[in-house]
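Chains as they are written, first to last, in my numbering: chain P, 1 to 198; chain Y, 1001 to 1214; chain F, 2001 to 2201; chain X, 3001 to 3349; chain Z, 4001 to 4364; chain W, 5001 to 5436.
Cβ coordinates follow ideal geometry from the N, Cα and C atoms, glycine included.
Remember, it's a predicted structure, so these values are computed and weren't measured experimentally.
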């Protein structure tokens, strides 16, 4: 039994040292990572809403019952309200759409104006096939979402106005469907003015 | 850890939020893991045993079964540890080290239990267990489940399906390699090279499943 | 010099990928571009050097029976370190390597070196060995990544090498999974032919 | 003082300590539990069947990578112990460890004499064909059809089953229609010996450069008719051999490699060329001034190549001497050396 | 007595059957010629050019690899490379650039065939693997490039690539979006009834389906007056070729029958928008099923040799074809289904060894 | 005519029996010297009992039985022994033989004639058949008495006389049935009596309708069989005639059946009724390589060259000489070899008839599987054999192969399938022996 205890303790010792080292490094890197993540989001939010104005203010919005179509992340869709930093007028929203792509969950940052028209999209994260699905990140494709309304926001095959990436229908569909579903969820909660009713 | 805590954690897992299991999503996970994103052929996980244990059909089947078994158990263990221990304590950065420890000890434990209580099963599966510790498919599965934010149920389904997918690839490969034993493969390509080429061809054929369940 | 020998053997004679078929998973998965290959190579080299070092230092202290778990913990620690550091300072690379960073833990090459070499050799030798293996691994990855990136994207380290027309219509399969397998198969075959030629002389 | 330090530390590095203590605690606990479990397992698993396998396992990495084709290191160790797997099957460990494994498995038969495969037939194109054979071009197949196409029932069929069988590419089909063994590459593994349906390949000491390249047990006339280089059992070699290394049975000469001194006399005597002498150039005996003229060498020389006055320094007739070296070993004053053709390995040793 | 006479010695048997590998291969080539003629008729000389390029590339690749491996060059002329070349070209859309068949053939011969040891040793159908390679490598080129049967369009018969007459298609609202698609593409869209209806008005799905299943379309499908791959247009002529092969004893009927039968059955079971209301005839006639079923499923080298195994292969391939058609990402699953079953062939062979005469199977 | 009985698989090689089917049997006088093999049959060779210079009479024993499956050897002529040594043989490179200078062809009756065989017990009859050295005349030369001495626990209910003669070209049995039906019928009765069988039938392929008719007229129960190779193989014949499957690795007597060739029946009749041992046999000399094919009644030990001479000599383009039929026969490189009891035919093929295909790789067409009468997968066994995987070859049923050659015949790739399998059989048996 003593032998066993000794072995266990040695392993514990090693693990202890490892944990200490990791804890130390983590305490140094975690904030950087967090900051970076935040910056990226911020940057993405700014990019997708750049057409709404120059000085914008972002506030997260709590709407009861705003269901996240992709419930695996969060049951509530985290919508950020975009308003003019000066006047405080609400100009639109941003949110992150999650769509199950070919080999990863594609995250798209979506910017819409207050009427529900998309003003910009950019891919936050994807691990799709290089050369195919990964091309979703590229401007010519993701750029076509700009100006689209909810009903147009699906691939042509499904009757929408989004051209699929050749050979990567699944990724195309994942992005457009997830964006549309997010918008639909917001529409349900009457977040958009006029026009966009069911 | 009390049972109620466990229950709470499981219930709190996202996938049960929608009320009831989403069949379509489950199908997507299953088909995805077996065919579309086959661990070996598409995600490049578990290549070493895939190359190593695919020489004979018998061992391929045994290995496959062992992988399914351990993968499921490891997923269960790692998911619980991650969501009940690491997440609450904000120690998620320890996941790699924690998972590998869990997997290693789990394999050992299973081996021990099997040997003790079911010698028949041990001789069929047990001999493959040691090989699984360093099978990146298992660790990959644990990490993927976290990255994909799967709930416990989904994770388990994912694990079983991925294991089946792995077994499928392994068994097919073993059959082909047995046949190639008596084929006129150019000497330079015999052994590993041709195995890679077959894997490539298999991977290409599996493209046919693209979009299934999606 | 002997140390040079320990280092150099990893590059061709005992190349972990081509001669020992180790570390295949990351090898195939991340070699879609030379850049990724470099990143993965650097990370793996770091881990194998560090783990070789530590294992060699501790080789007298760790009892045989728990040596594997201990090595795994040591390796996992360094992998997590790399994970965190890369995430902090090279987030783009971190994202594209994805799941394969934590999976360095189960790269047989690293455990293999720890157990097969560092376990019974001096610290300095183990460092040389680890470095050699890491560099060998990296070079191997760069080799296949070059094939894949040039064929599959028309670029090398993101520089367009085969002209615009090819870049727009590359042989996509090279960066897809089947391409990885098939190219690897033919590279190994070529190595076999070279070996034969050498033996024939 | 120390108290102060603790206070300062805990105050100043509060967050830092928290960030480190917590993981340490968790991981330490996990590791302890697992370590205990593993150690317990190791103890429980101590029931091993094969001590050899266990010893081999000691040398293995234990990474269970599967690269060897076996499910894990223990399985590989067992396979090696049972002789099913080659000792160098592990891809991870280096050659030094391979050796240790081989030793543990007891498979390493350290050969004192390097042996190589030799083909006991010189026939090939010199041997006549009895008929034309239509079938799979393999010796084993031809063998099934009336024992092969050669008139000589003992001779090489020349389809190269041995070439196919050699895992080291050490055999190729020579121009004479007889397989040629590359001495450097041959490892004396014996695959070719098994592969030859005529059983005319033999493992032969590499040092023995003189051998009978014929297996025919037919009577002289019959053998001669079938093949121009057949051993006809004339016994000339038997008589020529200075060391009685040759015996002729069943109309076939046989050299005892233990006794043979590579002098090549038999080869020169052989009327059909059935004895092959591979020595490129022979040295000659040289008698130096240490010679006391005892004439022992004169007695011993099978070729009468040494002559000289009694108590005078003797001389070797360079024309007659074949460098057999018999005199060298017998000279009481060590006055005789073999010179010339120094590349010849015997003279070096 | 005169001088003794010596005879050649050979293993038994001493007489030979009438078939040789080369005859078998050239029979297949002959059987494919009518369909080739149809392709040229419908798609113009370009189809012929593509086939010639493909065959040429296959032969060159075969020659080069045999030379490289220092194997007897005579195998180049055994006809198998020609068959591979033709079949590969038959699986291409008629408007692909000229280098596509060249690349595909080279891949098919080098990777799918010679790397495995050449004729008889390959695991997967080279032509299909070549096609899969092309689809994966050049998805844009391989999924576009359909052309409507040109000759008829020029003469104003108003046919479209889908085989549905122009006027009829025009009746369907918003149908302009689908004129460039093959029948299977259209069928695929009708699976999502909701979208289809919402886009083109209530009942559009049914309307399109009806058009697809109309007698005219059947006839077009059968005769080949539709868009599609070079070789898959004319079911009639393919069938003719297959009958020739059956008559020559080259084609074994178990494979094609079980395959086509399964496709038809499953086409009925879930080939429609619900269950058990599909159109079996449509599913058999559309796309590459006839080409695949008659000439690829029955590729000797890559399919099982045992009678039972052949049936299993056919059924399995049919099942996968229909699953891909109904639920998969590609409109056509024929070629992939065959490749996938090719992978399983060694296993099927292994487990379907016939009972040896007098053998008592061990039970339990 | 209803559906003819047959078995599953098989093939239809061109039978070319018309070359000799209407040629009546001619008796060929013994040549100047006869070379009698001491190993006429399957099993151990007999021990020579004569030496150089000895005078022998026709029918005298010149070799004695040695071992269970073995037979004595008799001199087919009266004369002087010239030498006793190894000589070239049709089934092996060389074997022990006795060379006898022919002086007379008189005599031969060395046993007491038993015109009424029923006066003797079945055991006595079997003993007589053994002493008379009767062995299977179909080609395999299995000692007949062994087949007639089943272990007591096996109940033999049926005797099948094999008049199928499915090997292409050969017509000796056909002629025999037409010309000596009574001898055959007598032999059949003796065999039935010796075996105590209840049923007896004769299997004849429908390419010999005249023989079927004649036998029926004589009151024999004939099973007309579909013309298909290898209809005459024991297991296939039993399957076709009775629907019984001989278990793998087993013998016909495991299903209560004994099969005997019609020629054997005649030899039995002569041994019992006339007291003459088996000294002669019928040989079809045919093929496009000889001028005029004939059916001959020759003394055992007659050289092939004498038979060829009788058939008008070779034609210019003769390429191959075969002992037996074209499917299973053994090629010979010289005609200076003697007729043995298993020589059912001497076949001289010209270069067009003789198989000469370059062996190509297997294209897995499955024709061998479809046509294998034993329902094996020959291509697979051959593959395993080619790559020397004997164990797997055995698992695939290599030992069940009857070496009929159908697979090689139908193979479009010209693979030497049956040859590989035979090699595997030899290796497997050798390995088994080594293990035992």
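Check                                                                                                                                                                                         : Outcome
Show which residues of chain X have a CB atom less than 7 angstroms away from the CB atom of residue 5239 (chain W).                                                                          : None at all; the shortest Cβ gap to chain X is about 29 angstroms.
Identify the residues that DSSP records as bridge partners of residue 3255 (chain X): which are they?                                                                                         : X:3246
In chain Z, which residues lie with their C-beta within 9 angstroms of the C-beta of residue 1185 (chain Y)?                                                                                  : 4115, 4116, 4117 and 4121
For a quick check, are the C-beta atoms of residue 3215 (chain X) and residue 3120 (chain X) less than 9 angstroms apart?                                                                     : yes
Can you give the Cα-Cα distance for residue 2166 (chain F) and residue 2122 (chain F), rounded to whole angstroms?                                                                            : 51 angstroms
Could you check which residue in P:186, P:150 and P:129 has the C-alpha nearest to that of residue 1037 (chain Y)?                                                                            : P:129
Would you kindly work out how many angstroms separate the C-alpha atoms of residue 4155 (chain Z) and residue 4028 (chain Z), rounded to a whole number?                                      : Confidence is the limiting factor: at residue 4155 (chain Z) the pLDDT is only 49, short of 50, which leaves the residue's position unreliable, though a coordinate-based value still follows. Approximately 33 angstroms between the Cα atoms of the pair.
Check each residue of the segment 3118-3149 of chain X: if its Cβ is closer than 9 angstroms to any Cβ of chain F, include it; give the result in chain order.                                : none
In angstroms, rounded to a whole number, what distance separates the CA positions of residue 3058 (chain X) and residue 3086 (chain X)?                                                       : 16 angstroms
Quick one: is residue 4021 (chain Z) buried, meaning 16 or more other Cβ sit within 10 Å of its Cβ, or exposed?                                                                               : buried
Let me know the secondary structure DSSP gives residue 4080 (chain Z) once reduced to three states.                                                                                           : helix
Give the DSSP bridge partners of residue 95 (chain P), in chain order.                                                                                                                        : P:79 and P:110
Inspect the beta-carbon positions of residue 5048 (chain W) and residue 4357 (chain Z) and report whether they are closer than 9 angstroms.                                                   : no
Could you pull the start and end residues of the alpha helix (DSSP H) that residue 4336 (chain Z) belongs to?                                                                                 : 4334-4351
Within 9 angstroms of any Cβ in chain C, is that where the Cβ of residue 1053 (chain Y) sits?                                                                                                 : Going by chain labels, chain C is absent from the structure shown, which instead holds the protein chains P, Y, F, X, Z and W.
Closer than 7 angstroms by beta-carbon distance: list the chain Y residues that pair up with residue 4346 (chain Z), in chain order.                                                          : 1175, 1176, 1178 and 1179
Here's a check: name, in chain order, each residue in its chain whose Cβ is nearer than 6 angstroms to the Cβ of residue 3278 (chain X), leaving out the five neighbours to either side.      : 3209
What is the rounded straight-line gap between the Cα of residue 57 (chain P) and the Cα of residue 86 (chain P)?                                                                              : 9 angstroms
Which residues in the same chain as residue 2074 (chain F) place their Cβ atom closer than 7 angstroms to its Cβ, once the five residues preceding and following it in sequence are excluded? : 2051, 2054 and 2055
Taking Cβ positions, are residue 5113 (chain W) and residue 5014 (chain W) nearer each other than 9 angstroms?                                                                                : no
Just the chain Z side, please: which residues come within less than 8 angstroms of residue 170 (chain P) by C-beta, in chain order?                                                           : 4329
Please classify residue 4069 (chain Z): does DSSP put it in a helix, a strand, or coil?                                                                                                       : helix
At a Cβ threshold of 9 angstroms, is residue 2069 (chain F) touching chain X?                                                                                                                 : yes
Under a Cβ-count criterion, where at least 16 other Cβ atoms within 10 Å of its own Cβ denotes burial, should residue 4243 (chain Z) be classed as buried or exposed?                         : exposed
Since residue 2168 (chain F) is in the alpha helix (DSSP H), which residue starts that stretch and which ends it?                                                                             : 2163-2168
For residue 1208 (chain Y), which residues in chain Z fall below 8 angstroms Cβ to Cβ?                                                                                                        : 4132, 4320, 4324, 4328, 4330, 4333, 4335, 4336, 4337, 4339 and 4340
When DSSP labels each residue in this structure, what does residue 1024 (chain Y) get in the three-state scheme?                                                                              : helix
With H, G and I counted as helix, E and B as strand and the rest as coil, what does DSSP make of residue 5018 (chain W)?                                                                      : helix
What in chain X is Cβ-close to residue 5093 (chain W), meaning under 8 angstroms?                                                                                                             : 3146, 3147 and 3153
Quick check on residue 1043 (chain Y) - is its C-beta less than 9 angstroms from some C-beta in chain F?                                                                                      : yes
State the DSSP-derived secondary structure class of residue 5422 (chain W), mapped to helix, strand or coil.                                                                                  : helix
Whole-angstrom Cβ separation of residue 5257 (chain W) and residue 5242 (chain W), contact assumed at under 8 angstroms?                                                                      : 7 angstroms
Residues in the same chain with beta-carbon distance under 6 angstroms from residue 5030 (chain W), minus the five sequence neighbours each way, listed in chain order, please.               : 5077, 5102, 5105 and 5299
Taking 8 angstroms as the cut-off, does the CB of residue 2195 (chain F) come closer than this to any heavy atom belonging to the ligand FAD?                                                 : The ligand FAD is absent from the structure shown, which contains no ligands of any kind.
Could you tell me whether the segment 139-159 of chain P touches the segment 2036-2046 of chain F, where touching means 3 or more Cβ pairs closer than 8 angstroms?                           : no
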